[in-house]
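Report on the following structure.
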Amino acid sequence: MLFDTHVHLNAEQYEDDLEEVIQRAQEAGVSYMICVGFDRPTINKAMELAEKYEFIYACVGWHPVDAVDMTDEDLIWIEELAAHPKVVAIGEMGLDYHWDKSPKDIQKEVFRKQIQLAKKVKLPIVIHNREATADIVEILQEEGAAEVGGIMHCFSGSPEVAVECLKMNFYISLGGPVTFKNAKKPKEVAAVVPIEKLLIETDCPYLAPHPYRGKRNEPGYVKLVAEQIAEIKGLSFEEVADVTTANAKKIFDIN
Ligand SMILES: [Zn+2]
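See below:
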């Protein structure tokens, strides 16, 4: 049994064959998925999927790249959605210094507001981090994010930063990059972080694991991530699948 903790089946890349993609995921043993919405259209679609499929849950929040677009009404809307039984986390939120659509100060403000919201509704948070590790860690500490905890989604930092995040009550989620031949850091992180603190994800349609690198990703491929972690940690595939699924059910409070 596998739990893909970060999918974007709400993306337009699945418009034509969503049913087949979901079918293949189930055949691969994926029993749960978290569909992440990060702006108005993708949040709406994530809610639609979570209502339609028993095994799909939703995570709703605002992406840092689009921080300039978030209004007060959007924040209220996200808070209202948080009461829905299938909404299990707030995000993805965070900082992205790769793209410059949203100035850093606005990204930080929108990030802080969402952490405060997550604490108010008592849901864990899902972090998107691109080239902004130091600021992310500082804001999580200042805002007391440890109270709700959460997930460092598609973690690409060093083992040292991973350990910092564990201290703040966060899980480390690894995706396709851990399978890339030249990906030194994710492999080190997989080795250092205890299996009880690891999650697996695809972040599909992005970041497809080896040997699909560069192609459209899909939830069924999360199996390849679990296999790679099993190899690195010297555990069986079943153990990695079982423990990461139990970890995800715990953080998302799914029975
Ligand atoms: Zn994502």
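Heads up, the sequence shown is in the numbering used here, so the first residue is 1115 and it goes up one at a time. Note that beta-carbon positions come from the ideal geometry of N, C-alpha and C, so glycine has one too.
beta-carbon residue i near ligand 3 non-hydrogen atom, thresh 8 Å
{"i": "Val1150", "result": "With respect to ligand 3, the structure offers nothing, as its ligand set consists of ligand 1."}
Alpha-carbon spacing of residue i relative to residue j, whole angstroms
{"i": "Cys1149", "j": "Met1207", "result": "14 Å"}
{"i": "Glu1278", "j": "Val1262", "result": "16 Å"}
{"i": "Glu1315", "j": "Leu1116", "result": "10 Å"}
{"i": "Leu1231", "j": "Gly1143", "result": "34 Å"}
{"i": "Val1292", "j": "Pro1300", "result": "5 Å"}
{"i": "Lys1194", "j": "Lys1200", "result": "Per the sequence shown, residue 1194 should be read as Glu rather than Lys. Approximately 12 Å, taken between the alpha carbons."}
{"i": "Ala1362", "j": "Ala1197", "result": "20 Å"}
{"i": "Glu1256", "j": "His1267", "result": "20 Å"}
{"i": "Lys1159", "j": "Pro1238", "result": "21 Å"}
{"i": "Leu1269", "j": "Gly1258", "result": "The question names Leu, but residue 1269 is Phe in the sequence shown. So the alpha carbons of these two residues sit roughly 20 Å apart."}
DSSP bridge partner residues for residue i (one or two, in chain order)
{"i": "His1118", "result": "The sequence given here places Asp at residue 1118; His does not occur at that position. DSSP lists Met1147 as partners of Asp1118."}
{"i": "Val1174", "result": "Gly1151, Ile1204"}
{"i": "Gly1264", "result": "Ile1239, Phe1284"}
CB contact flag (residue i, residue j, <9 Å)
{"i": "Leu1209", "j": "Asp1249", "result": "yes"}
{"i": "Gln1251", "j": "Ala1181", "result": "What sits at residue 1251 in the sequence shown is Val, not Gln. Going by C-beta atoms, Val1251 is not nearer than 9 Å to Ala1181."}
{"i": "Gly1290", "j": "Leu1321", "result": "yes"}
{"i": "Gln1221", "j": "Gly1205", "result": "no"}
{"i": "Ile1265", "j": "Leu1338", "result": "no"}
{"i": "Asp1317", "j": "His1120", "result": "yes"}
{"i": "Tyr1171", "j": "Tyr1211", "result": "no"}
{"i": "Ala1260", "j": "Leu1254", "result": "yes"}
Length at least 4, wholly inside the stretch 1290-1350: the alpha helix (DSSP H) runs in chain order
1298-1306, 1336-1347, all fully within the stretch 1290-1350.
To test your reading of the DSSP string, which unbroken beta strand (DSSP E) runs of 3 or more residues are found completely within the stretch 1202-1246?
Correct list: 1239-1244.
Indicate whether the contact test is met: 3 or more Cβ pairs, each with one atom in the stretch 1176-1196 and one in the stretch 1150-1160, closer than 8 Å.
The way I'd put it, the stretch 1176-1196 does touch the stretch 1150-1160; three or more beta-carbon pairs between them come closer than 8 Å.
Indicate whether the contact test is met: 3 or more Cβ pairs, each with one atom in the stretch 1321-1334 and one in the stretch 1276-1286, closer than 8 Å.
Segments in contact, no.
Would you call the stretch 1342-1352 in contact with the stretch 1301-1309, where contact means no fewer than 3 C-beta pairs closer than 8 Å?
Counting C-beta pairs with one atom in each stretch, the stretch 1342-1352 and the stretch 1301-1309 have three or more that are closer than 8 Å, which means they touch.
For the stretch 1116-1128 against the stretch 1357-1365, do three or more pairs of beta-carbon atoms, one drawn from each stretch, fall closer than 8 Å, so that the two count as touching?
Touching, per the Cβ criterion.
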